[in-house]
Amino acid sequence: SAKAGLPLTVTFGPGKECRTTIVFPDLNASTDIVNGGTIELPALAAGTYAIQCGGGGNEGMLIVQ
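For the sequence shown, the working numbering gives the first residue as 722, with consecutive numbering after it.
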């Protein structure tokens with residue numbers, strides 16, 4: 722989860738299989754995490770944002786309050 726109105730950095734461990742890329746489709750943002758990685762996101766409005774793997778599978782949600 723994250724606080725609304727503040728930019729944030731999300732850190733991921735190394736990915737495997739289709740999880741070598743992480744996608745935030747609602748934010749038009751993605752990053753390669755073959756060796757782990759981070760993604761910088763702008764300040765977000767309150768809401769729930771999908772997190773998907775590069776293959777389009779659901780990996781979770783980012784909850785912004």
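Virtual Cβ for every residue (Gly too), placed ideally from N, Cα, C.
- L727 sits away from A766, with the two beta carbons spaced by 8 Å or more.
- In this structure, I754 sits near T741, with a CB-CB distance shorter than 8 Å.
- Residue state for L762 is assigned as strand, using DSSP reduced to three classes.
- About 6 Å separates the beta carbons of V785 and G768, which is inside the 8 Å limit, making them a contact pair.
- Rounded to whole angstroms, the separation of the alpha carbons of L783 and S722 is 6 Å.
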